[in-house]
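Take a look at the structure set out below.
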Amino acid sequence: MKCKEGAPVLVIRVGDAFCKACFREYFVHKFRAMLGKNRVIFPGEKVLLALSGGPSSSAMLRQVQEGLSRETAKRLRFVPGVIYVDEGAVCGQSPEEREDTLTRMQALLQASGFPHHLIHLEEVFELPSSILQHAPHAPSPPGSSYKAAVEGFIHQQRQGAAGTGDTMAPEGQVQERLAVLGMQEGAAASPEGLLPASALTEELRQLFGAVTTLTAKEELLQMLRTHLILHTARVRGYSKVMMGDSCTRVAVKLLTNLSLGRGAFLALDTGFMDDRHGDVAVVRPMREYTAKEVAFYNRLFGVPTVFMPALDTKVLEKPSIHRLVERFLYALQAEFPSTVSTVYRTGEKLSATPADTTAEPQRCLLCLCVLDTGVVEGSTLQALLISEELSRKRPSDPSPTRGGCCAGAGARRCCGSPPASGTKARADFLPLLCYGCRLTIKDMTCLEPLPPYIRSEAERRRRRATMKQEIQEYLLEDEAAEPKS
Amino acid sequence: MPVHCTACGERPAALRRPRTGQALCRACFVGAFEKEAHAAVTSGRLFRRGDTVAVAASGGKDSTVLAHLLRTLDARHGYGLRLELLAVDEGALDGGAAMVGADKIATGHNADDVAETVLMNFLRGDVARLRRGTLAAPEEAESSQDGAVPRCKPLRHAYEKEIVLYAYFLGLDYFSTECRYAPHAYRGHARTLLKDLEAARASAVADLGHSAEHLALRPEAGRAARGACTRCGAVASQPVCAACLLLEGLERGLPRLGLGKGRRDRAPGIEGEAEPWEKGRGLREEATKDDWLYGAHGLKALEEEPWQRRRGHKAMGAEQENPHLEERQPGALEEEEAEPQQRRVWQLRRRSQNIVGEEPEVNGEQQPGSLEEEETHHRRRGQEATGEELQLEATVRQAEAWQRRQRRNLDF
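Quick mapping for you: the protein sequence lines, in order, are chains B and X.
Heads up: the first sequence begins at 1 in full-length UniProt numbering, then just goes up one per residue.
Heads up: the second sequence begins at 1 in full-length UniProt numbering, then just goes up one per residue.
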């Protein structure tokens with residue numbers, strides 16, 4: 001349709017027929033326009049590509065490969081690396097299947113030609129709690145030109161390279177912490193073969209076993225995966241992470257997160273740039289490609305993908321909210337072809353809430369978003385608290401299942417702590433979380449299996465809060481920032 | 001083995017609360033429900049002492065429970081309200097409220113309605129309505145501007161199932177009839193999804209409510225560059241507002257005018273930013289498969305509030321349903337259901353009729369163009385014309401000129 005000469009091979013949207021060459025051009029152009037329009041990637045920056053083996057992230061990898069190759073006019077200028085997180089332990093794969101998938105992914109990673117990292121989900125148990133701390137990172141003042149930002153970045157790089165010991169560089173601190181913890185990278189990998197130590201796998205299984213609903217499992221998995229990726233990025237000096245969320249995926253995520261009570265953070269969860277972690281930002285360059293376009297591209301240009309089962313593959317009854325919304329949207333899209341794009345465009349109209357300029361706002365322990373649990377008069381949250389209050393009327397009433405720790409866990413290894421501390425631990429833990437994360441944790445029977453980094457960070461914050469409460473009357477104003485301790 | 005009520009521990013439990021999953025006896029449930037309603041009224045500061053509140057009653061479960069609840073709570077806690085039951089058949093809620101001298105209208109929207117609405121608004125891309133649902137939105141401001149009686153939803157935190165439970169246990173009787181167009185409405189899809197979500201997670205309804213309140217929208221999104229429609233003077237971001245656009249379509253025998261791509265994503269009159277490829281396309285028509293949804297009767301489906309749906313109001317013909325395609329004075333029902341902006345349009349049009357004596361014609365040459373001449377013209381008619389009305393005249397004149405120019409530029 002565009003060039004009027006090539007034979008059309010596919011139709012995107014009504015009335016838009018493309019020949020192979022034009023489609024390729026359209027696809028590539030979209031990618032570059034996406035990066036160019038939101039000018040957040042600096043030349044020479046290290047960018048980590050998160051590969052899941054699925055179509056969108058594979059297409060993204062291919063785009064980056066092509067964009068960086070020497071022949072391209074105006075080639076992209078950043079330094080990519082690739083990461084893959086192996087989640088086979090929780091997705092119901094047998095060890096053989098897992099090994100098989102891993103071998104194939106290894107091959108793919110090596111073929112990419114970029115430095116690659118293969119991380120196992122089991123490594124969450126070895127994460128430092130620093131991952132849950134928002135690393136302050138002076139953002140370029142709004143309105144400053146891209147050029148100025150690039151200059152600032154290059155200057156920063158030179159400083160780091162010259163080894164002036166910039167104490168504000170969070171990487172240096174993390175490295176320090178790693179050394180302090182005696183942690184080595186890749187320690188989780190077992191000496192023999194590709195799979196990690198089975199003890200860790202078992203721990204991971206127990207963690208997910210303690211989660212009762214599929215919805216909460218999905219959320220937990222996403223959270224852990226993100227933490228792992230970000231940690232790797234930090235340790236290896238990547239300042240950006242590219243995720244391969246497609247337009248369809250973004251639309252599903254928007255509605256899913258709405259239903260999960262995460263309406264306040266939609267912009268961060270689905271927007272182009274997500275900088276809640278401070279020093280490492282997540283970008284989503286594929287968010288304007290529909291799943292259909294990506295699928296066609298992969299087919300026409302032979303982009304290799306690896307299939308792996310997800311958490312809810314072959315789980316037919318009691319679908320998760322994620323699955324329900326996905327089904328709903330796909331069905332609606334079949335009837336009304338503009339559904340996905342409308343939802344996507346609505347999502348575009350969202351903005352991240354501007355950070356409080358004065359005090360460092362309280363952040364959720366798990367998702368690092370600014371807490372949305374301030375009780376506003378007449379709000380839904382307040383009504384819920386009132387209902388909970390009314391439910392708790394009888395102190396003598398032995399609280400039902402949600403109170404006792406590991407109640408009904410059966411023969412499984414329990415934390416061994418008395419029920420009272422379980423309830424208390426939960427009551428201490430929940431206020432540290434945003435509304436959405438609270439729901440996830442509420443679906444867990446026991447908090448013990450959580451990885452150490454989460455628990456230690458929670459403890460630290462609790463101690464700090466107690467400290468603050470003790471001296472509340474003497475404090476003059478909120479601290480501007482958490483002092484590095 | 002009988003389960004005991006977890007609240008009082010004495011009586012056997014009669015139900016399990018959808019909201020908390022607790023097993024409660026009848027008395028404790030009723031008590032909790034009423035306490036929560038009272039908390040909603042007080043913390044939301046819904047009423048002031050001495051207010052006259054018109055309770056919108058359709059006879060359905062929400063309004064029945066609402067009426068009973070308000071009366072009970074008013075007596076028990078001494079809100080000092082004068083309660084009026086307002087049952088409107090086809091009349092406007094606002095008109096009825098004005099007749100009984102009400103300061104506020106209380107509608108029976110429940111938590112499920114709110115949750116459905118959020119989903120629907122997201123699916124339709126209705127950013128303006130989404131904005132109104134956030135906590136940061138100024139609630140009263142808009143309604144009081146155009147003279148409409150402010151509304152409140154005392155039951156907005158109550159789950160629909162709990163409302164039914166309450167009515168059941170108190171022996172309240174009600175009639176529930178569904179609007180006969182309900183199965184075709186878009187809202188039905190959102191409703192099904194909500195039911196499924198609730199099955200997956202009991203708190204889904206409340207979670208959606210929480211999300212809706214905390215949505216962070218870009219300041220410029222969903223808010224018109226508040227210019228005025230050159231034809232009718234109403235608020236519009238385009239030179240001609242959607243209402244006039246649709247009217248124009250009718251006059252020209254193009255019923256799909258203004259309903260093509262780019263128009264449908266917005267509630268009529270409340271415009272968002274046009275996509276770059278849509279600018280200047282206002283008068284071009286385009287019919288796509290989606291137009292059945294946003295076309296004639298679909299537009300009415302868009303405007304549907306659950307309130308209207310449950311009332312089971314007398315169905316009008318599909319074409320007739322769309323107030324925008326009709327030149328007649330809108331029925332009181334439609335007035336009530338329509339957007340405040342639409343109401344303003346009708347009011348303005350009525351006013352302009354008073355001045356001019358007839359609908360401003362599109363093609364005809366009429367009154368003199370300058371302001372002074374118009375004044376003389378008005379004095380001739382023995383009327384006092386306010387500055388605002390003169391402005392209206394002037395803008396109507398401009399609009400006609402603009403329209404003539406537009407028509408010359410476009411090919412049909």
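The beta-carbon is built from N, C-alpha and C at its ideal position, and this holds for glycine as well.
Can you check which of these residues, X:Thr20, X:Ala40, X:Thr6, X:Ala185, is closest to Lys383 (chain B) by C-alpha distance? Taking the first sequence and counting its residues from 1, one reaches residue 383 (chain B) at position 383. Before going on, a small fix: residue 383 (chain B) reads as Ala here, not Lys. Out of X:Thr20, X:Ala40, X:Thr6, X:Ala185, X:Ala40 has the C-alpha closest to the C-alpha of Ala383 (chain B).
May I have the straight-line CA-CA distance separating Gly108 (chain X) from Asn121 (chain X), to the nearest angstrom? Here residue 108 (chain X) is taken as the residue at index 108 of the second sequence, counted from 1. Here residue 121 (chain X) is taken as the residue at index 121 of the second sequence, counted from 1. Looking at the two C-alpha atoms, the distance is approximately 20 Å.
At the level of alpha carbons, what is the spacing between Val11 (chain B) and Glu335 (chain B)? For this step, residue 11 (chain B) is matched to residue 11 along the first sequence. For this step, residue 335 (chain B) is matched to residue 335 along the first sequence. So the two alpha carbons sit approximately 18 Å from each other.
So what does DSSP say about His134 (chain B), is it helix, strand or coil? The residue given as residue 134 (chain B) occupies position 134 in the first sequence. His134 (chain B) falls in the coil class under three-state DSSP.
With a threshold of 9 Å between beta-carbons, can Gln106 (chain B) be considered close to chain X, or not? Taking the first residue of the first sequence as 1, we reach residue 106 (chain B) at position 106. Gln106 (chain B) does not count as touching chain X.
Could you work out which residue in X:Glu162, X:Thr64, X:Gly50 is closest to Gly101 (chain X) when comparing CA atoms only? Sequence index remark: in the second sequence, residue 101 (chain X) carries index 101 (1-based). Nearest C-alpha to Gly101 (chain X): X:Gly50.
Between the C-alpha atoms of Gly9 (chain X) and Pro337 (chain B), what's the straight-line distance to the nearest angstrom? Start at 1 with the first residue of the second sequence, and residue 9 (chain X) comes out as number 9. Start at 1 with the first residue of the first sequence, and residue 337 (chain B) comes out as number 337. Looking at the two C-alpha atoms, the distance is approximately 54 Å.
Quick check for students: name the residue ranges of the alpha helix (DSSP H) that lie wholly in the segment 267-315 of chain B, counting only runs of 4 or more. 291-300
Sequence-distant residues of the same chain with beta carbon closer than 6 Å to Arg284 (chain X), five excluded per side: Taking the first residue of the second sequence as 1, we reach residue 284 (chain X) at position 284. Interpretation of Arg284 (chain X) is limited by its pLDDT of 35, a score under 50 that renders its predicted location unreliable; no figure is taken from the coordinates.
Under 9 Å, CB to CB, which of the residues in the segment 24-42 of chain B have a partner in chain X? none
Can you pull out the residues from the segment 421-442 of chain B whose beta carbon lies closer than 9 Å to at least one beta carbon of chain X? Tyr435, Gly436, Leu439, Lys442
Leaving aside the five residues before and after Ala190 (chain X) along the sequence, list all residues of the same chain whose C-beta is less than 6 Å from its C-beta, in chain order. One-based indexing of the second sequence puts residue 190 (chain X) at position 190. Around Ala190 (chain X): Glu116, Leu119, Met120.
Partners in chain X for Ala264 (chain B), counting only beta-carbon separations shorter than 8 Å: Locating residue 264 (chain B) in the first sequence gives position 264, counting from the first residue. Residues of chain X passing the Cβ test: Ser211, His214, Leu215, Ala216.
Check for me: the alpha helix (DSSP H) holding Leu246 (chain X) runs from which residue to which? By one-based count along the second sequence, residue 246 (chain X) stands at place 246. Leu246 (chain X) -> alpha helix (DSSP H) spans 242-251.
Under the three-state DSSP convention, the category Gly81 (chain B) falls into: In the first sequence, residue 81 (chain B) corresponds to position 81, counting from 1. Residue state, collapsed to three classes: strand.
What did DSSP end up calling Ile229 (chain B) once you bin it into helix, strand or coil? What you label residue 229 (chain B) is simply residue 229 of the first sequence in a count that begins at 1. Helix, per DSSP.
Please name the residue, chosen from B:His231, B:Ala59, B:Tyr330, B:Val282, that lies closest to Val306 (chain B) on a Cα-to-Cα basis. Sequence index remark: in the first sequence, residue 306 (chain B) carries index 306 (1-based). It is B:Ala59 whose Cα lies nearest to the Cα of Val306 (chain B).
Is the distance from the Cβ of Ser341 (chain B) to the Cβ of Leu217 (chain X) below 9 Å? Your numbering for residue 341 (chain B) matches position 341 in the first sequence. Your numbering for residue 217 (chain X) matches position 217 in the second sequence. No, the pair does not count as a contact, with Cβ atoms beyond the cut-off.
Looking at the structure shown, is Ala33 (chain B) part of a helix, part of a strand, or coil, going by DSSP? What you label residue 33 (chain B) is simply residue 33 of the first sequence in a count that begins at 1. Ala33 (chain B) falls in the helix class under three-state DSSP.
Taking only beta-carbon atoms, is Ala200 (chain X) less than 9 Å away from chain B? Here residue 200 (chain X) corresponds to residue number 200 of the second sequence, with the count starting at 1. At least one chain B Cβ lies under 9 Å of Ala200 (chain X).
Whole-Å CB distance - Tyr174 (chain X) paired with Thr64 (chain X), under 8 Å assumed: On the second sequence, residue 174 (chain X) is found 174 positions in, with the first residue counted as 1. On the second sequence, residue 64 (chain X) is found 64 positions in, with the first residue counted as 1. Contact holds; Cβ gap of about 4 Å.
Check Arg370 (chain B) in the structure and name its three-state DSSP category. Taking the first sequence and counting its residues from 1, one reaches residue 370 (chain B) at position 370. Reading off the sequence shown, one finds Val at residue 370 (chain B), where the question assumed Arg. Correct three-state label for Val370 (chain B): strand.
How about the segment 268-285 of chain B and the segment 252-259 of chain B: do they share at least three Cβ pairs that are nearer than 8 Å? yes
Residue environment, Ser58 (chain X), which counts as buried when at least 16 other CB atoms sit within 10 Å: The residue you call residue 58 (chain X) lines up with position 58 of the second sequence. Flag for Ser58 (chain X) reads buried.
Mind listing the chain B neighbours of Glu36 (chain X)? Cutoff is C-beta to C-beta under 9 Å, in chain order. Taking the first residue of the second sequence as 1, we reach residue 36 (chain X) at position 36. The contacting residues are Ala383, Ile386, Ser387, Leu390.
Nonlocal neighbours in the same chain, by C-beta distance under 6 Å from Thr213 (chain B), ignoring five residues either side: The sequence position of residue 213 (chain B) within the first sequence is 213, counting from 1. Asp443.
Evaluate Thr232 (chain B) with the Cβ neighbour count: other Cβ atoms within 10 Å of its Cβ, from every protein chain shown; 16 or more gives buried, anything less gives exposed. The residue labelled residue 232 (chain B) in the question sits at position 232 within the first sequence. Per the 10 Å Cβ criterion, buried.
Do we get a CB-CB distance below 9 Å when we pair Gln22 (chain X) with the residues of chain B? Residue mapping note: residue 22 (chain X) aligns to position 22 of the second sequence, counting from 1. Cβ-Cβ to chain B under 9 Å: yes for Gln22 (chain X).
Provide the residue span of the alpha helix (DSSP H) that contains Leu384 (chain B), from first to last. For the purposes of this step, residue 384 (chain B) is identified with residue 384 of the first sequence, where counting begins at 1. Here the alpha helix (DSSP H) through Leu384 (chain B) covers 380-391.
Does Lys253 (chain B) pass the burial test, meaning 16 or more other C-beta atoms within 10 Å, or should it be called exposed? Here residue 253 (chain B) is taken as the residue at index 253 of the first sequence, counted from 1. The residue in question, Lys253 (chain B), is buried, as its Cβ has 16 or more Cβ neighbours within 10 Å.
Which residues in chain B sit within 9 Å of His77 (chain X), going by Cβ to Cβ distance? To locate residue 77 (chain X), count along the second sequence from 1; it is residue 77. Chain B residues near His77 (chain X): none, gap ~15 Å exceeds 9 Å.
How would you list, in chain order, the residues of chain B whose beta-carbon sits under 8 Å from the beta-carbon of Phe122 (chain X)? Numbered from its first residue, the second sequence carries residue 122 (chain X) at position 122. Chain B residues near Phe122 (chain X): Leu254, Leu255, Leu258, Val343, Thr346.
To the nearest angstrom, report how far apart Glu275 (chain X) and Thr290 (chain B) are at their CA atoms. Sequence index remark: in the second sequence, residue 275 (chain X) carries index 275 (1-based). Sequence index remark: in the first sequence, residue 290 (chain B) carries index 290 (1-based). Model confidence at Glu275 (chain X) stands at a pLDDT of 40, short of 50, so the residue's coordinates are unreliable; what they give is reported in the following sentence. Glu275 (chain X) and Thr290 (chain B): Cα-Cα distance of roughly 19 Å.
Tell me which residue opens and which closes the alpha helix (DSSP H) that His77 (chain X) is part of. Within the second sequence, the letter at position 77 stands for residue 77 (chain X). His77 (chain X) -> alpha helix (DSSP H) spans 61-77.
How would you label Glu5 (chain B), buried or exposed, when you count the other beta carbons within 10 angstroms and need 16 or more for buried? Position 5 of the first sequence, counted from the first residue, corresponds to residue 5 (chain B). The residue is exposed, with fewer than 16 neighbouring Cβ atoms inside 10 Å.
Can you name the start and end residues of the alpha helix (DSSP H) that Thr103 (chain B) belongs to? Within the first sequence, the letter at position 103 stands for residue 103 (chain B). Residues 95-112.
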